[in-house]
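Encoded as structure tokens, the structure appears first; notes follow it.
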Amino acid sequence: MSSSMRNAVQRRQHRERGQPLERAKYGLLEKHKDYSLRAADHKKKQATLKNLRAKAADKNEDEFYFGMMSRGGRARGPVRGATSSKGRKWDGIVDGDRGSLKGMDVEVSRLLKTQDLGYLRTMRNVASKDVRVLEERVIALGGSLEGLGVKRGGEDSDDEFAGLDDDDDDLDGERPRKKKKFVFSEDVEGREDMLRGDMAMQVDDDDDDDDDSAAGDVMSDEHDGDKTTTMANTTSQTKSKKPAPRTKEEEDALRTEQKVVLLGKLERRLEAARRKVTVLTRAEGKLELQRAQMAKTATAMGGVTKSGKKIKVRERKR
1 MSSSMRNAVQ RRQHRERGQP LERAKYGLLE KHKDYSLRAA DHKKKQATLK NLRAKAADKN
61 EDEFYFGMMS RGGRARGPVR GATSSKGRKW DGIVDGDRGS LKGMDVEVSR LLKTQDLGYL
121 RTMRNVASKD VRVLEERVIA LGGSLEGLGV KRGGEDSDDE FAGLDDDDDD LDGERPRKKK
181 KFVFSEDVEG REDMLRGDMA MQVDDDDDDD DDSAAGDVMS DEHDGDKTTT MANTTSQTKS
241 KKPAPRTKEE EDALRTEQKV VLLGKLERRL EAARRKVTVL TRAEGKLELQ RAQMAKTATA
301 MGGVTKSGKK IKVRERKR
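Here the UniProt record's numbering is used: the sequence shown runs in plain steps of one and ends on residue 318.
Set out below in structure tokens:
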């Protein structure tokens, strides 16, 4: 029978064996040709992996290119809004993650806040000790502690630490003249001796200035040949001249002035120290609240949720 006759005769339609009903969930039944394609693809991938492992074993550890890093962000090429960084106008800036942008865990953050909390407590204890010492010194000089430590300006001022170490702020507008150095003594007699010595040195300085100016006028009027004799006479007169003794009223006035200057300085330092204690205490409370909110379980810190609901710890079941 010729081929044309075979094709003309109606024959039974050829059907490949299908997947059984109980295995229909796995898709079409795999034939030998499907297996051949899958096996060839698998061998190709295995060969590629083998070559990549060989390259990785023989690579140079110091070799680096920016192309090795993943690029994120928009392209700098001619196509607007593209996701690829390759473009004709790409400037070489890489936006990939270099490992420094990873956030810390909550436990690590709580540990760091614990260290910050310890530092704040230490500084607050130091400031509190300074406040106690300054209060004792102010009371010893006859000063008053009322009205000190009040923060100037609003409570929510941005510069909370402004002026904490500034001892030159004025309290009453005017300020007496400050001495550069104060020397304290244990007993009353020692203080009296130091005050007399300071007054004598001040008088000597004033007399030296007056005599030097007078000597300069005399030297300008006399002849050039007599300048040496005039200077010698002026120097001998200055050394031989004794300071005029001050009266008791003048000594009391000087002592009172020095006391007022010292008291004003101590009051300003006390005010700054009290403000510092207040700021550190507030910061410590905020940090404790943050650590409590970061805990795994609710703690009795009186916190508030984002929705404004108050946190109640160990509330009785209803």
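Positions of the beta carbon are idealized from the N, C-alpha and C atoms, including for glycine.
Test item: CB-CB of residue i and residue j under 7 Å
{"i": "Val131", "j": "Arg274", "result": "yes"}
{"i": "Arg269", "j": "Leu134", "result": "yes"}
{"i": "Leu117", "j": "Leu287", "result": "yes"}
{"i": "Val277", "j": "Ser128", "result": "yes"}
{"i": "Leu266", "j": "Val138", "result": "yes"}
{"i": "Val106", "j": "Met294", "result": "yes"}
{"i": "Leu112", "j": "Leu263", "result": "no"}
{"i": "Arg110", "j": "Arg291", "result": "yes"}
Coil, strand or helix - residue i by DSSP
{"i": "Lys306", "result": "coil"}
{"i": "Asn7", "result": "helix"}
{"i": "Asn60", "result": "coil"}
{"i": "Arg17", "result": "coil"}
{"i": "Glu22", "result": "helix"}
{"i": "Ala283", "result": "helix"}
{"i": "Leu145", "result": "coil"}
{"i": "Tyr119", "result": "helix"}
{"i": "Tyr65", "result": "coil"}
{"i": "Lys31", "result": "coil"}
{"i": "Lys296", "result": "coil"}
{"i": "Arg38", "result": "helix"}
{"i": "Arg275", "result": "helix"}
{"i": "Thr247", "result": "coil"}
{"i": "Ser128", "result": "helix"}
{"i": "Arg12", "result": "coil"}
{"i": "Asp105", "result": "coil"}
Same chain, Cβ closer than 7 Å to residue i, five either side skipped, listed in chain order
{"i": "Gln13", "result": "none"}
{"i": "Gly18", "result": "Leu29"}
{"i": "Val9", "result": "none"}
8 Å CB neighbourhood of residue i in its chain, flanking five on each side removed
{"i": "Arg6", "result": "none"}
Selected residue, minimal CA-CA separation from residue i, among the options
{"i": "Glu284", "options": "Val9, Ser4 and Arg121", "result": "Arg121"}
{"i": "Thr256", "options": "Thr48, Met104 and Gly143", "result": "Gly143"}
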